[in-house]
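Peer 1: For reference, the structure I am asking about is given below.
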Amino acid sequence: MKPRLLVLFEWLNDSPLGAAIRASEWWYPILEAVHSLGIIVVLGSIWTLDLRLLGLGVRSRRVSEVASQLLPFTWAGFGVQAASGALLTVSEASRLYHIPYFWIKLALLSLAGLNALVFHTGVYRSVGEWETAPEIPLRARLAGALSLGLWALVIAAGRAIGYAL
Amino acid sequence: MNDAPPIFHWMQSMPLSACIRGSRAAIPIIETIHLLAMALAAGTIMVIDLSILGVALRRESVPRIARELGPWTWGGFGVTLFTGILLFLAEAEKMACKPVFWAKLALLAGAFTYHLTIHRQLCAAKEPFALARARLTAGASLALWFGVAFGGKAIGLFG
Chain C
48 MKPRLLVLFE
58 WLNDSPLGAA
68 IRASEWWYPI
78 LEAVHSLGII
88 VVLGSIWTLD
98 LRLLGLGVRS
108 RRVSEVASQL
118 LPFTWAGFGV
128 QAASGALLTV
138 SEASRLYHIP
148 YFWIKLALLS
158 LAGLNALVFH
168 TGVYRSVGEW
178 ETAPEIPLRA
188 RLAGALSLGL
198 WALVIAAGRA
208 IGYAL
Chain S
207 MNDAPPIFHW
217 MQSMPLSACI
227 RGSRAAIPII
237 ETIHLLAMAL
247 AAGTIMVIDL
257 SILGVALRRE
267 SVPRIARELG
277 PWTWGGFGVT
287 LFTGILLFLA
297 EAEKMACKPV
307 FWAKLALLAG
317 AFTYHLTIHR
327 QLCAAKEPFA
337 LARARLTAGA
347 SLALWFGVAF
357 GGKAIGLFG
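Structure representation (structure tokens):
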């Protein structure tokens, strides 16, 4: 018996939406281009915050200011990436299912999300107390370093999917 | 394919180029570094532009932010350029025959010149600048750098 997930992926692949994207000469390159340019928005905003948490980059701005001002752009960029990524996935679902990098990328994305969740529900709650202190707490620096690395790995896995397809 | 000037054949025949082509992993790895460094350079420029536009980080802080992010932009630039040259050397003849590649290079030259002149002037301005001028300068900068990045993707898609 086929794994249920494979059945789902084949169903997505053969859905009218998947077929329509494959049939069109333009949809796939447009989605690919959008998905590539979205990287700049997501990484540019999140990396600037990550660097700030490490005491680098925009040091003249408070951590809370950088976070509140740039995270909306991270989210907007992420929305574009999720939407374009979902459509690209549907159009190649049957092949993606068998590409390990695809699952590695999803795992890395989950880790990046988990890291952000732990940061925002944890040490970030008391940002007002530590952002003016001479040293940023280790937990915050760790979250910044992890985010920096995890997002780079997400991009690397995404690039590897392109080569494997 | 064979109508590229001899210099590109010579570039491609260098031991370094052959070495990159000879390894299966080299091009994907170099390309990934190229992509990440590009995202750092274009991403930090984007943050400065958003600040100039007044939509993220206060406009008053533009000169300071531009100074603080400058090393990251230039670091990203340097690595993108270096890896880009390696990628070009490995496939010089093929690349030289692609109009998309030359279009990207022309756009890059334009964006680079713009960044060093008009953009830099505005970032260094001591007086607060008019909003209309800010919108135009930052908008053009964003369009140019996203255009260069699109050019890179287009080499793979349509080249």
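Line order of the protein sequences matches chains C and S. According to the working numbering, the residues represented by the first sequence are 48 to 212, in order. According to the working numbering, the residues represented by the second sequence are 207 to 365, in order. Think of the CB as a built atom: it goes at the ideal place given N, C-alpha and C, for glycine as much as any other residue.
So, do the segment 217-235 of chain S and the segment 306-324 of chain S have three or more beta carbon pairs nearer to each other than 8 Å?
Peer 2: no
Peer 1: Skipping 5 residues on each side, what residues in its chain have a beta carbon closer than 8 Å to that of residue 212(C)?
Peer 2: 139, 142, 143, 146
Peer 1: Tell me the DSSP secondary structure of residue 209(S) in three-state form.
Peer 2: coil
Peer 1: For residue 107(C), which residues in chain S fall below 8 Å Cβ to Cβ?
Peer 2: Against residue 107(C), the close residues of chain S are 267, 270, 271, 274, in the order they occur along the chain (beta-carbon pairs closer than 8 Å).
Peer 1: If the cut-off is 8 Å on Cβ atoms, which residues from the segment 68-99 of chain C count as contacting chain S, listed in chain order?
Peer 2: 76, 79, 80, 83, 84, 86, 87, 88, 90, 91, 92, 94, 95, 98
Peer 1: Would you decide whether residue 215(S) is buried or exposed? Buried here means 16 or more other CB atoms lie within 10 Å of its CB.
Peer 2: exposed
Peer 1: So that I know if they touch, is there some Cβ in chain S lying closer than 7 Å to that of residue 206(C)?
Peer 2: yes
Peer 1: If you pair each beta-carbon of the segment 259-273 of chain S with each one of the segment 296-308 of chain S, do three or more pairs fall below 8 Å?
Peer 2: With the cut-off at 8 Å, the segment 259-273 of chain S and the segment 296-308 of chain S do not touch.
Peer 1: Since residue 95(C) and residue 88(C) are thought to touch, with beta carbons under 8 Å apart, how far apart are those beta carbons, to the nearest angstrom?
Peer 2: Rounded, the Cβ-Cβ distance is 11 Å, inconsistent with contact.
Peer 1: Reducing DSSP to helix, strand and coil, say where residue 374(S) ends up.
Peer 2: Past the edges of chain S, shown from 207 to 365, lies residue 374(S), and the structure says nothing about it.
Peer 1: Measure from the C-beta of residue 146(C) to each C-beta in chain S and report whether the shortest distance is under 7 Å.
Peer 2: Residue 146(C) does not count as touching chain S.
Peer 1: So, does the segment 238-251 of chain S touch the segment 339-359 of chain S, judging by three or more C-beta pairs under 8 Å?
Peer 2: yes
Peer 1: At a Cβ threshold of 7 Å, is residue 365(S) touching chain C?
Peer 2: no
Peer 1: When you compare each of 207(C), 195(C), 116(C), 135(C) to residue 160(C) by their alpha carbons, which one comes out closest?
Peer 2: Taking residue 160(C) as reference, the option from 207(C), 195(C), 116(C), 135(C) with the minimal CA-CA separation is 195(C).
Peer 1: Three-state secondary structure (DSSP) at residue 225(S)?
Peer 2: helix
Peer 1: Can you list, in chain order, the stretches of the alpha helix (DSSP H) that have 4 or more residues and sit fully within the segment 143-173 of chain C?
Peer 2: 147-168
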